[in-house]
Amino acid sequence: MTDNETSKENVTRLAGNRGYQVQVEKMAGGYRILLIPGKG
13 MTDNETSKEN
23 VTRLAGNRGY
33 QVQVEKMAGG
43 YRILLIPGKG
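Residue numbers (this note's numbering): 13 to 52.
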């Protein structure tokens, strides 16, 4: 979970570059970020 847009973008970009599937849900006070490991 993160509380700002910049952190959400950074985590999303890093996870995507590492092969994770990323799901983001906007919540009161921030974002919930779910990282799903890629195959392999």
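For every residue, glycine included, the Cβ atom is placed at its ideal position computed from N, Cα and C.
Exercise. Enumerate in chain order the residues of its own chain whose CB-to-CB distance from residue 44 is below 6 angstroms, with the five nearest sequence positions on each side excluded.
Key: Residue 44 sits at position 32 when you count from the first residue of the sequence shown. Closer than 6 angstroms at Cβ, skipping near neighbours: 13, 37.
Practice problem: Measure the C-alpha to C-alpha separation of residue 35 and residue 21 and round it to an integer number of angstroms. | Solution: The residue given as residue 35 occupies position 23 in the sequence shown. The residue given as residue 21 occupies position 9 in the sequence shown. Looking at the two C-alpha atoms, the distance is approximately 12 angstroms.
Quiz prompt | Backbone CA spacing between residue 27 and residue 40 [nearest angstrom] | solution = Here residue 27 refers to the residue found at position 15 of the sequence shown. Here residue 40 refers to the residue found at position 28 of the sequence shown. Cα-Cα distance, rounded: 23 angstroms.
Quiz prompt | Close Cβ partners of residue 31 (< 6 angstroms) along its chain, the five nearest in sequence each way excluded | solution = Your numbering for residue 31 matches position 19 in the sequence shown. So the qualifying residues of the chain are 50.
Self-check item: Contacts around residue 47, its chain only, beta-carbon distance under 7 angstroms, and the 5 residues preceding and following it disregarded
Solution: Counting from 1 along the sequence shown, the entry for residue 47 is found at position 35. Correct list, in chain order: 27, 32, 34.
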